[in-house]
Amino acid sequence: MKKTNFIVVFWLLLALISFVVFVINFSGFWDSISYLIFPSKEYVYEGNSREDLLRKLIQVIPMIVFTVTTFIVGIKQGLKNYNRL
């Protein structure tokens with residue numbers, strides 16, 4: 029495998045991994061938002077208090093921003109290196 033091909037695969041693999049992490053964090057984000065809007069007595073949520081949900085949102089939102097940035101950089105760098113072939 030050429031060095032350039034390895035670099036392209038590296039960037040695209042990084043983009044794929046960041047997309048999977050984004051999907052996982054995004055589902056947690058919407059789960060927290062939905063529970064804040066429509067609280068349920070039957071649905072046992074880890075940390076039922078409003079403060080726990082807001083704390084989870086504060087953890088998830090920066091991770092979503094980071095993974096989206098990593099995804100965009102990975103795709104751009106991978107395509108730039110691929111077009112240079």
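Per the working numbering, residue 29 is the first one in the sequence shown, and the count goes up by one each step.
From the three backbone atoms N, C-alpha and C, an ideal C-beta is built for every residue, glycine too.
Do you know how far the Cα of V96 is from the Cα of I45?
In this structure, the alpha-carbon of I45 lies about 11 Å from that of V96.
For the alpha helix (DSSP H) that E79 lies in, which residues bound it at each end?
Boundaries of the alpha helix (DSSP H) around E79: R78 to R112.
Can you find at least 3 beta carbon pairs, one from the stretch 55–67 and one from the stretch 80–95, that sit closer than 8 Å?
At 8 Å Cβ cutoff, the stretches touch.
Give the DSSP-derived three-state secondary structure of K69 in the structure shown.
coil
What does a CB cutoff of less than 8 Å around T32 pick up in its chain, not counting 5 residues either side in sequence?
Same-chain partners within the cutoff: N109, R112 and L113.
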